[in-house]
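To convert, note that position 142 of the sequence shown is 142 in full-length UniProt numbering; the numbers rise steadily by one, no gaps. For glycine and all other residues, C-beta sits at the position ideal for the given N, C-alpha and C. Here the structure is laid out as structure tokens; the discussion comes afterwards.
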Amino acid sequence: MTQTLCFLEGARLRLRPVLEEDYTDEYLRWLNDPEVNRWSQRRAFPSDREQMRQYAQALAARPGQGFVLAMINKADGVHIGNISLVNIQLVHRCAEIAILIGRDEHRGQGLGGEAVHLLAGHAFAAMNMHRVFAGTFNPAFARCVEKIGWKREGVFRERIWSHGRYHDQIWLAQLRSEHAPIAALERQEGYA
């Protein structure tokens, strides 16, 4: 069932709900690996299976406020990370996107951009969102979403303490009117 269950599908990824079977030792390693979480603002070490379940249950208990999807590599069916839509504000029609790619070999290949683009498209088309946004201190993530048409909106100077120093937090967003079809993005130089 895992192979066919799909919420959103792109050229290289399927996004689907996180399942009980996803709570593997590898997933737990991602949540506890300082390098995987280097750019995470969550950083609640250590995590265990029960905390993973509680987080998913807490989101499920508040429908309309957020959800997490597993990122499945279509080539081999492997769970490579998660993407979430959280802080959904129905009155203002905006929501925040967050992503974690746990498998090192899948970073830097444009998969994060594909996942963000798919989820943003869903937020605009199916949920009637006007704006999606993200705050990050990871320069690679900022470049990733800029390649798919997101705009820098501002910087919170020295807001995040990580690895012995303060980092600027970059705020980026995309409006519904700025969301381009994936085919148009793939034709751009430097995409993926």
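Quiz item: Contact between the segment 124 to 133 and the segment 86 to 105: three or more CB pairs below 8 Å?
Solution: yes
Quiz item: How is the beta strand (DSSP E) around G66 delimited, first residue to last?
Solution: Reading the sequence shown from its first residue, position 66 is the one you call residue 66. Looking at the DSSP string, the run of the beta strand (DSSP E) that includes G66 is 66 to 73.
Exercise. Could you check how far apart the C-beta atoms of G113 and V145 are, in whole angstroms? I think they sit under 8 Å.
Key: In the sequence shown, residue 113 corresponds to position 113, counting from 1. In the sequence shown, residue 145 corresponds to position 145, counting from 1. Going by Cβ atoms, the distance from G113 to V145 rounds to 7 Å, so yes, they are a contact pair.
Quiz item: Can you give the beta carbon distance from L31 to S47, rounded, assuming they're within the 8 Å contact cut?
Solution: Walking along the sequence shown from the start, residue 31 turns up at place 31. Walking along the sequence shown from the start, residue 47 turns up at place 47. 4 Å between Cβ atoms; contact.
Quiz prompt | Pairwise C-alpha distance: A140 and D22 | solution = As a position in the sequence shown, residue 22 is number 22, starting the count at 1. As a position in the sequence shown, residue 140 is number 140, starting the count at 1. One C-alpha to the other measures close to 26 Å.
Quiz item: For the candidate residues V18, Y55, D104, whose alpha-carbon lies nearest to that of D33?
Solution: Mapped onto the sequence shown, residue 33 falls at position 33. It is D104 whose Cα lies nearest to the Cα of D33.
Quiz item: From what residue to what residue does the beta strand (DSSP E) around E158 run?
Solution: Translated into positions along the sequence shown, residue 158 becomes position 158. First-last of the beta strand (DSSP E) with E158: 151 to 162.
Quiz item: From this set, R49, R165, H117, which residue's C-alpha is nearest G149's C-alpha?
Solution: As a working mapping, residue 149 is identified with position 149 in the sequence shown. Nearest of R49, R165, H117 to G149, Cα basis: H117.
Self-check item: CB-CB length for T136 against I83, believed under 8 Å
Solution: Taking the first residue of the sequence shown as position 1, residue 136 is located at position 136. Taking the first residue of the sequence shown as position 1, residue 83 is located at position 83. About 14 Å separates the two Cβ atoms, so there is no contact after all.
Quiz item: Nearest to L19 by alpha carbon, out of A115, V86, G81, K74?
Solution: Translated into the one-based positions of the sequence shown, residue 19 becomes position 19. When the alpha-carbon of L19 is set against those of A115, V86, G81, K74, the nearest one is in G81.
Quiz item: Between the beta-carbon of G121 and the beta-carbon of N87, is there less than 9 Å?
Solution: What you label residue 121 is simply residue 121 of the sequence shown in a count that begins at 1. What you label residue 87 is simply residue 87 of the sequence shown in a count that begins at 1. No.
Quiz item: Measuring CA to CA, which of H167, V78, E178 is closest to E158?
Solution: By 1-based counting over the sequence shown, the position of residue 158 is 158. Cα-wise, what sits closest to E158 is H167.
Quiz item: Per DSSP, which one or two residues make a beta bridge with C144?
Solution: Residue mapping note: residue 144 aligns to position 144 of the sequence shown, counting from 1. DSSP output for C144 lists no bridge partner at all.
Quiz item: Which of the three DSSP states, helix, strand or coil, is assigned to E179?
Solution: Your numbering for residue 179 matches position 179 in the sequence shown. Position check: residue 179 holds His in this sequence, whereas Glu was assumed. Note: H179 maps to coil in three-state DSSP.
Quiz item: If we call anything under 9 Å between Cβ atoms a contact, is L15 one with M71?
Solution: For the purposes of this step, residue 15 is identified with residue 15 of the sequence shown, where counting begins at 1. For the purposes of this step, residue 71 is identified with residue 71 of the sequence shown, where counting begins at 1. Yes, Cβ-Cβ distance for L15 and M71 is below 9 Å.
Practice problem: Put N138 into one of helix, strand or coil per three-state DSSP. | Solution: Mapped onto the sequence shown, residue 138 falls at position 138. Coil at N138, not helix or strand.
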